[in-house]
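Those sequence lines, one after another, are chains A and B. Residues 102 to 211 in the working numbering are what the first sequence spells out, letter by letter. Residues 56 to 174 in the working numbering are what the second sequence spells out, letter by letter. We put the CB at the ideal spot given by N, CA and C, even for glycine. For reference, the structure discussed in these notes is given below.
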Amino acid sequence: RKEVEQDPGPFNVPEGATVAFNCTYSNSASQSFFWYRQDCRKEPKLLMSVYSSGNEDGRFTAQLNRASQYISLLIRDSKLSDSATYLCVVKGGGGFKTIFGAGTRLFVKA
Amino acid sequence: GAVVSQHPSWVICKSGTSVKIECRSLDFQATTMFWYRQFPKQSLMLMATSNEGSKATYEQGVEKDKFLINHASLTLSTLTVTSAHPEDSSFYICSAPDGGLAGDRQTQYFGPGTRLLVL
Chain A
102 RKEVEQDPGP FNVPEGATVA FNCTYSNSAS QSFFWYRQDC RKEPKLLMSV
152 YSSGNEDGRF TAQLNRASQY ISLLIRDSKL SDSATYLCVV KGGGGFKTIF
202 GAGTRLFVKA
Chain B
56 GAVVSQHPSW VICKSGTSVK IECRSLDFQA TTMFWYRQFP KQSLMLMATS
106 NEGSKATYEQ GVEKDKFLIN HASLTLSTLT VTSAHPEDSS FYICSAPDGG
156 LAGDRQTQYF GPGTRLLVL
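Below, the structure is given as structure tokens:
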């Protein structure tokens, strides 16, 4: 079993749609959780950190469920510019090691 | 926010040559830096953790003699791909934690990456 698993997609949605991604992690000692966005041929950029029960930033909402060991990312009112790969990132459980999920590809179409 | 730079951004080289990639933290000090490799349509895979003033820690399956890491200062880590071969062609990305928060809560900032193509 992979340490961090994501649905690879792709998710093809129209503009204005709401889309949700899930990510599961295997190490129950993990402490920090992040969502990164990666555009084609670019480096990942931090989208949101998820520290406790979740947080919201504009159209983006991240949720953490420690009991079930998963985090989610909800994007409301999708924009064309949201098209990217979204990486679930889990950190901690005994060090600085950061584990990336394989990413979920999102295509938002007009 | 914190900025991490990488140089060069593109490298094309012949098989058998060595390639050095630099990773710099521009406005903060980083005692630890991470090196990743990403193949097309795959996620980032951690290769090694670079520690300032000491030996790097390599992930399982990564040859330390193949991928030499030097972290000589608090703002610079270098990755040298020795005797590169076509299968080493990949996107190499470094990152550094910002140090603003403790331990696991540190945000990682990524360099822009280096695309290596070995012919």
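Item	Value
Could you check the C-alpha separation between A/Ile172 and B/Ile67 for me, to the nearest Å?	39 Å
Along the chain, where does the beta strand (DSSP E) containing A/Lys146 start, and where does it finish?	Lys146 to Val151
Within 10 angstroms of its Cβ, does B/Val58 collect 16 or more other Cβ (buried), or is it exposed?	exposed
Please confirm if A/Gly204 has its CB atom under 9 Å from at least one CB of chain B.	yes
To the nearest angstrom, report how far apart A/Val191 and B/Ser70 are at their CA atoms.	36 Å
What do you reckon, is the C-beta of A/Pro111 under 8 Å from a heavy atom of the ligand SAH?	Absence of the ligand SAH from the depicted structure is noted, as is the absence of any ligand whatsoever, leaving it without description.
Would you please verify whether the beta carbon of B/Leu99 is less than 9 Å from any beta carbon of chain A?	yes
Between the alpha carbons of A/Tyr187 and B/Thr130, how many angstroms are there, rounded?	28 Å
Have a look at B/Pro152 and B/Ala85 and give me their C-alpha separation to the nearest angstrom.	7 Å
Start and end of the beta strand (DSSP E) containing B/Leu131?	Leu131 to Val136
Under 9 Å, Cβ to Cβ, is there at least one residue of chain B near A/Arg223?	Nothing about residue 223 of chain A can be read from this structure; chain A reaches only from 102 to 211.
Assign B/Ser73 to one of three DSSP states: helix, strand, or coil.	coil
Would you mind telling me which residues of chain A sit closer than 9 Å to B/Pro63, beta carbon to beta carbon, in chain order?	The contacting residues do not exist; B/Pro63 stays about 14 Å from chain A at best.
Against chain C, with Cβ distances strictly below 9 Å, would A/Ser150 count as a contact?	Among the protein chains of the structure shown, namely A and B, there is no chain C.
Keeping to the same chain, check which residues put their C-beta closer than 6 Å to that of A/Val114; ignore five residues upstream and five downstream.	Val120, Ser179 and Val209
B/Thr133 versus chain A: which residues are under 7 Å apart at the beta carbon?	Going along chain A, no residue has its Cβ under 7 Å from B/Thr133, so there is no contact; the nearest lies around 18 Å.
Kindly say whether B/Gly116, judged by its beta-carbon, lies nearer than 9 Å to any beta-carbon of chain A.	no
Among the candidates B/Phe83, B/Phe89, B/Thr72 and B/Trp65, whose CA atom is the shortest distance from the CA of B/Thr133?	B/Phe89
Are the CB atoms of A/Tyr126 and A/Ile200 nearer to each other than 9 Å?	yes
Taking DSSP as the reference, what is the three-state secondary structure of B/Asp143?	helix
Go ahead and pull the three-state DSSP assignment for B/Cys174.	Reading off the sequence shown, one finds Leu at residue 174 of chain B, where the question assumed Cys. In this structure, B/Leu174 counts as coil in the three-state DSSP scheme.
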